[in-house]
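>
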Amino acid sequence: MVNFDPPIIVVGITGEPNPPKDSLCNILETGECVVNTVSEHHVEAVNHSVKAPRVKELIFSIEAKLVETREWESRANPGRKSDVMVILDGTTFWAREDAINDERSLLDPAVLRPVARLGGISYMRATTMMEIPRPSVDRPGNFSIGV
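If you use our numbering, the sequence shown closes out at 173, no skipped numbers anywhere.
1) What are the partner residues of T157, as DSSP defines its beta bridges?
2) Mapping the DSSP letters down to three states, classify N52 as helix, strand or coil.
3) From the DSSP secondary-structure annotation, give me the bridge partner or partners of R96.
4) From the DSSP output, in three-state form, read off P46 for me.
5) Reducing DSSP to helix, strand and coil, say where A152 ends up.
6) Restricting to Cα atoms, I'd like to know which of R122, G145 and T118 is closest to D134.
7) Going by beta carbon distance, what residues of the same chain come within less than 6 Å of M27, once the five residues before and after it are set aside?
8) Rounded to the nearest angstrom, how far is the Cβ of V141 from that of V64, given a contact under 8 Å?
9) Compare the beta carbon distance of V37 and V61 with 9 Å and say whether it is the shorter of the two.
10) Is the separation between the beta-carbon of K91 and that of E58 shorter than 9 Å?
11) Going by DSSP, which residues form a beta bridge with L133?
12) Only counting the same chain, and skipping five residues up and downstream in sequence, which positions put a Cβ closer than 8 Å to that of N52?
13) Which value, in whole angstroms, describes the spacing of the CA atoms of T95 and W120?
14) Just to confirm before moving on: does the CB-CB distance between L138 and F86 stay below 9 Å?
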């Protein structure tokens with residue numbers, strides 16, 4: 027998510043786009059997609075290819091419409107496309123009730139327990155949370171720590 031209003035999502039689809047990956051083909055063909063946030067206990071299921079538009083068991087998903095794509099050329103192999111950036115507009119948000127905070131403004135990472143695919147067969151767990159106070163500026167060049 028790179029913007030809140032409107033909700034803009036950017037997805038990078040790596041690899042030789044010829045032939046393009048199934049995810050990219052589906053987005054280009056339909057102009058729509060679902061961005062699912064995978065939780066630890068579903069990582070095995072998402073490791074398999076499926077045609078379902080949204081995995082109902084997941085804690086958080088975003089339905090989105092295609093805004094635009096941009097292809098990137100390889101620096102190592104000039105003239106060869108190496109990556110596609112997909113810009114999406116989030117249209118519908120799905121969140122499991124127990125994952126939403128009391129103010130209904132944030133998801134609880136302890137409930138979500140997100141997993142990220144790093145590439146190949148490697149995945150990463152987000153297991154630790156931290157809060158860092160943001161610096162405030164009381165005058166130019168003078169920073170103080172505050173919330």
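Glycine residues also receive a C-beta, built at the ideal position from the N, C-alpha and C atoms.
Please read these numbers as outputs of a predicted model, since none were measured by experiment.
Considering the structure as presented:
1) The residue you asked about is not Thr; residue 157 is Glu in the sequence shown. Note: E157 sits in no beta bridge, so no partner.
2) N52 sits in a helix when the DSSP states are folded into three classes.
3) Here R96 is bridged, per DSSP, to M111.
4) Here P46 sits in coil by DSSP.
5) Coil, per DSSP.
6) Ranking the options by Cα distance to D134, first place goes to R122.
7) Excluding residues within five positions, the ones whose Cβ falls inside 6 Å are I35.
8) Cβ-Cβ separation between V141 and V64: approximately 5 Å, consistent with a contact (criterion under 8 Å).
9) With a cutoff of 9 Å on beta-carbon distance, V37 and V61 are scored as near each other.
10) Going by C-beta atoms, K91 is nearer than 9 Å to E58.
11) DSSP output for L133 lists I126 as bridge partner(s).
12) C59, listed in sequence order.
13) As the crow flies, the alpha-carbon of T95 is around 24 Å from that of W120.
14) Contact: yes.
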